[in-house]
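Since the structure comes first, as structure tokens, the remarks are kept for the end.
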Amino acid sequence: MSKPVSELDLETLTSPNKSIFHLINWMQGLELLHWSMQCEHCPNVDMEFKKKRDIADKFAWRCPVPACRSTTSIRAGSIFQEFPKVSLAIWMRFIQKWCEDKLITEIQNELRVVGFVGKKTLSAMCRLMRRLCDFKLIDVPVVPMGGASAILEMDESCFRKTPKYGRGRRPKPIWVFGIVQTDVRPAIGYMTVVERRDQATLLPIIERCVLPGSTIHSDQWAAYRNVHHLPNIVHHGTVNHSQNFVDPTTGVHTQHIEAYWSRKKAKLRRMRGCLPTDLESYLKEFMWRERYCRTSNEGLQNMLKYITEKYCM
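Quick note: UniProt numbering has the sequence shown finishing at residue 313, numbered continuously throughout.
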């Protein structure tokens, strides 16, 4: 995808009164759909782009060999074949609204100008987007971080929904461990769900996530006692939260990561929580957004570019 995507162009091309041919052509120009397709039945035969009125996309690839004449969807080999009943216009608007960090109900309402999509389908599409975030973070790892002169902060936080009015069975706590860079505003970091908060669990994660020469700050949780022995840590500063938020002598604090947790939990509250099995995927989405989606337009450019790289190149 060589040229930037205009949100105005996207909304114009996906409007109900616009021919789908223009949208398809535009998507091909962005390499979201293939410009050409070879017949899978006839070796080295290029298929033709033809009108097909009896399908939702109105166009398809058709083999020119008279004895074959097989057809292939224009979505073949693209992300859009994942949900073939969702129109291309809705698909593109959905990606735009997802990059705007809209909730599923908000996305559904805003998509009504181009068509209706059920919440179950939208939820599955959002799950696919989170999977793409995960793939991106594998391709371009966010850790290790820090290094000489860098100050990191680490903490663990409980992510669970409190029963309404304090009644009912309390759900099992889900603990998330995180490390943030404090030289970026707002801080960006790394998070992962952990089964335990002991040294055996946390120290290997810290060692894997931190570059040589790093200074790291934390509270005085028992599992952190031997952090200063890790090879990449030059200094481990602590603050006793039972007495101070900021150590009066050293100035050590963990306010950046506390604010970091607050932002992530605020999003989950807007969503009214998530399934415990989905939390890790949401953490991946949060980490992707803070790096590649600082504005909705930046997120749209980056996500469409990555979709092109992952599917059509």
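Yeah, the Cβ is synthetic: ideal placement off N, Cα and C, and Gly gets one too.
In this text, all values refer to a predicted model and were calculated from it rather than measured experimentally.
Under DSSP, F177 shares a beta bridge with E156 and T192.
By the CB criterion at 9 Å, T308 and E7 fall outside the cutoff. For I151, DSSP records a beta bridge to T215. Spatial neighbours of Y306 in its own chain (CB-CB distance under 6 Å, excluding positions within 5 residues in sequence) are listed in chain order as K136. Going by DSSP, I206 is part of no beta strand (DSSP E) but of the alpha helix (DSSP H) stretching over Q199 to C209.
As computed with DSSP, E48 is found in a beta bridge with R62. Between V142 and R291, the CB-CB gap stays under 9 Å.
DSSP, reduced to helix, strand and coil, places V227 within a helical segment of the structure shown.
In the DSSP assignment, Q38 is bridged to D46. Leaving aside the five residues that flank C133 on each side, the residues in its chain whose CB is nearer than 6 Å to its CB run, in chain order, K284, E285 and W288.
Residue environment for V180: buried (at least 16 other C-beta atoms within 10 angstroms of its C-beta). Taking C68 as the centre and dropping the five residues before and after it, the same chain places the C-beta of H41 and C42 closer than 6 Å to its C-beta, in chain order. According to DSSP, residue pairing for G118 in a beta bridge does not occur. Following the DSSP letters along the chain, one finds I307 inside the alpha helix (DSSP H) bounded by residues S296 to I307. Within the DSSP secondary-structure output, H236 pairs in a beta bridge with I216.
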